[in-house]
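In the UniProt record's numbering, the protein residues as written are 1 to 171. For glycine and all other residues, C-beta sits at the position ideal for the given N, C-alpha and C. Model, not experiment: these values are computed from the prediction.
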């Protein structure tokens, strides 16, 4: 599979969206100025990494369509795949029983989890080297996917001569 190259802005916007339950692009947390958000979103739309959907919250409107009304943007399954996130958004009701998380073998997410479970954990630099992700994507994956979506507990500590290391704590 060809790896999709993302700019820093694209990666930040996508990783933030993928960390949200609904995959919503808005509100954008990246510090982009002027029309940069629009340009990044147009690029992501063209590449199929985000899609237009009807907006239910008027604070998240991307554009207005004469036929469909207010439109917003959300991450597509391709976006999750591009970031190495294997279990894309669920469409299950809140009162539904939890379903087991399925993970494919050999994904970047699996590499990240293995590194964090290893003796002594891993530093951001070590994870960047192993996955090819940018540091902010690593942090986003740890806080969004691993902590929020998979419910894993991640701790960190400063280790002399190594720097800050991150570990998954098995409860």
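Judging by CA-CA distance, which residue of the options is the nearest neighbour of residue i?
i, options, result
"residue 116", "59, 164, 42", "164"
"residue 27", "58, 139, 130, 121", "58"
"residue 130", "56, 84, 54", "84"
"residue 188", "75, 151, 33, 38", "Residue 188 is absent from the structure shown; the chain starts at 1 and stops at 171."
"residue 110", "141, 12, 9", "141"
"residue 123", "6, 156, 151", "156"
"residue 147", "60, 18, 32, 29", "18"
Can you grab the Cα-Cα spacing for the pair residue i / residue j, in whole Å?
i, j, result
"residue 63", "residue 71", "5 Å"
"residue 73", "residue 25", "6 Å"
"residue 35", "residue 41", "10 Å"
"residue 45", "residue 161", "43 Å"
"residue 20", "residue 144", "7 Å"
"residue 172", "residue 66", "This structure gives no information on residue 172, because the portion of the chain shown stretches from 1 to 171."
"residue 112", "residue 127", "7 Å"
"residue 99", "residue 68", "Interpretation of residue 99 is limited by its pLDDT of 42, a score under 50 that renders its predicted location unreliable; no figure is taken from the coordinates."
"residue 48", "residue 139", "24 Å"
"residue 50", "residue 158", "37 Å"
"residue 80", "residue 22", "12 Å"
"residue 167", "residue 132", "19 Å"
"residue 121", "residue 78", "29 Å"
"residue 55", "residue 134", "31 Å"
"residue 170", "residue 114", "12 Å"
"residue 152", "residue 37", "32 Å"
Applying the criterion that 16 or more other CB atoms from any shown protein chain within 10 Å of the CB defines a buried residue, is residue i buried or exposed?
i, result
"residue 16", "buried"
"residue 108", "buried"
"residue 118", "exposed"
"residue 149", "buried"
"residue 137", "buried"
"residue 12", "buried"
Contact defined as beta carbons within less than 8 Å: I believe residue i pairs with residue j. What is the distance between those atoms, to the nearest angstrom?
i, j, result
"residue 82", "residue 154", "So it is not a contact: roughly 22 Å between Cβ atoms."
Can you check the segment 6-75 for any beta strand (DSSP E) of at least 3 residues that lies completely inside it and give the ranges in chain order?
If only complete runs of 3 or more residues are kept, the segment 6-75 shows the beta strand (DSSP E) at 50-54, 63-65, 69-75, in order along the chain.
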